[in-house]
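Here the structure comes first, spelled out in structure tokens, and everything after it is commentary.
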Amino acid sequence: MKNAETPVVKVVLYGAMSSLGSALMAEMLRRQHEVIAILDDLTALSPRPGLRTKSGDLFDAERVKQSVAGSTAVVCLLDAPGLPFDSEYVEKPLCRGPWNKCWLWMR
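If you use the numbering used here, the sequence shown corresponds to residues 501 to 607, in order.
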């Protein structure tokens with residue numbers, strides 16, 4: 501249980517609608533962290549204590565900067581098939597193997 505001396509952990513979560521994102525969000529909320537889920541549809545998640553939703557665009561640097569301001573941590577879950585591989589922002593894969601979902605983003 502939190503008290504006045506317990507530090508507030510504020511986590512911004514991109515990918516909250518995925519199965520892994522939902523599990524991470526549930527665990528963070530169980531631990532009484534504040535979770536800010538970045539979503540396309542702000543009504544996609546049921547209201548819960550400690551959960552806030554914001555709209556955002558992972559491919560817009562200014563919106564990302566605004567979304568993560570003041571947070572303790574940022575968790576970004578990406579699904580590789582949806583990434584714009586022809587984009588100038590994708591530098592190279594960081595992970596090798598069939599999962600291949602870790603990417604270094606350069607601008």
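All residues carry an ideal CB built from backbone N, CA and C; glycine is no exception.
In this structure, 512 is the residue among 552, 512, 507, 506 with its C-alpha nearest to the C-alpha of residue 574.
Residue 537 and residue 547 have their C-alpha atoms some 11 Å from each other.
Within the DSSP bridge table, the entry for residue 518 names no partner.
About 7 Å separates the beta carbon of residue 555 from that of residue 539, a gap short enough to meet the 8 Å contact definition. DSSP places residue 551 within a strand segment (E or B) once states are collapsed to three. Closest in C-alpha terms to residue 549, from the list 525, 557, 568, comes 525. The C-alpha of residue 568 is placed about 20 Å away from the C-alpha of residue 520. Within the same chain, and ignoring the five residues on either side of residue 570 in sequence, the residues whose Cβ sits closer than 8 Å to its Cβ are 510.
Distance from the CA of residue 530 to the CA of residue 551, rounded to the nearest whole angstrom, comes to 11 Å. Classified as buried, residue 516 has 16 or more neighbouring CB atoms from the shown chains inside 10 Å of its CB.
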